[in-house]
Amino acid sequence: MATHTIYQIEAKLDDFQPVTGRTIFINAERSLAYLGYTLISAFGLEGSHLFGFQKSFELFNHQQSYYYLLPEMDLPEFVAPSKHYSVMETTLNQFFSSSNLNNQFTFQYDFGDNWKISLNVESIETKEIMLNDIPRVTGIGLKSIFETGFKRHSEPRLPFTAQINH
178 MATHTIYQIE AKLDDFQPVT GRTIFINAER SLAYLGYTLI SAFGLEGSHL FGFQKSFELF
238 NHQQSYYYLL PEMDLPEFVA PSKHYSVMET TLNQFFSSSN LNNQFTFQYD FGDNWKISLN
298 VESIETKEIM LNDIPRVTGI GLKSIFETGF KRHSEPRLPF TAQINH
């Protein structure tokens, strides 16, 4: 068994009742894309839309944001070129570096319907673990955001607690 750094991430669907959230245990060496697909599966999304992450913080009383998108897009009318990065090339260690854990982290899925999921790192633990044991996902609330009555088209339903294997 090898030693790995594991993040415990609390993910909560924003502006939504009943409270719907997931706890995700994931290897810090994984990419943001891997976390994105884990969130898509955990919240019962279909995975057919664009997604991205946003890291926001305050610097000298000004709100700053960096964007991590899939696919990597050049959107100069929305995001300055120096403020967007690839989800494929950014690891969780880089995104959630210990120097910026007070930042706000958001996962955004389907830019048309604009589903937003707030992310909070609850713990970081380095331990001996087999990688087939993670990611591990548990949750509260709805199994799928599409149980809200929102029906764009037929969406698959996933189990409430999912073990996602790589």
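178 is the number of the first residue of the sequence shown in my numbering; add one for each residue after it.
We put the beta carbon where it would ideally sit given N, CA and C, even for glycine.
With H, G and I counted as helix, E and B as strand and the rest as coil, what does DSSP make of residue i?
i, result
"A205", "coil"
"S218", "helix"
"P336", "Low confidence applies to P336: its pLDDT is 38, below 50, so where it sits in the model is not reliable enough to give any reading."
"S331", "Any reading at S331 must be qualified, since the residue scores a pLDDT of 39, below 50, and its modelled position is unreliable; no value is offered."
"G224", "coil"
"N238", "coil"
"D287", "coil"
Would you kindly check if the distance between the Cβ of residue j and the Cβ of residue i is under 8 angstroms?
i, j, result
"G229", "Q285", "yes"
"K189", "S295", "yes"
"V264", "S208", "yes"
"E302", "M178", "no"
"L269", "L212", "yes"
"F288", "L222", "no"
"Q241", "T283", "no"
"Y214", "F273", "no"
"F203", "P312", "Sequence inspection shows Ile at residue 203; the Phe mentioned does not correspond to that position. Against a cut-off of 8 angstroms, the Cβ pair of P312 and I203 comes out as a contact."
"T182", "A205", "yes"
Return the first residue and the last residue of the beta strand (DSSP E) that residue i is part of.
i, result
"L296", "W292 to I306"
"Y185", "For the record, residue 185 in the displayed sequence is Gln; it is not Tyr. A179 to L190 is the extent of the beta strand (DSSP E) around Q185."
"T197", "It is not in any beta strand (DSSP E) - T197 carries neither H nor E in the DSSP assignment."
"T317", "Correcting the residue identity first, residue 317 is Ile in this sequence and not Thr. Taken as a continuous stretch (DSSP letters only), the beta strand (DSSP E) holding I317 covers R313 to I317."
Have a look at the DSSP bridge pairing and note the partners of residue i.
i, result
"K232", "Y243 and F282"
"Y262", "Y245"
Terminal residues of the continuous alpha helix (DSSP H) containing residue i?
i, result
"L269", "L269 to F272"
Segment contact, 8 angstroms Cβ cut-off, at least three pairs: the segment 184-199 with the segment 306-320 = yes
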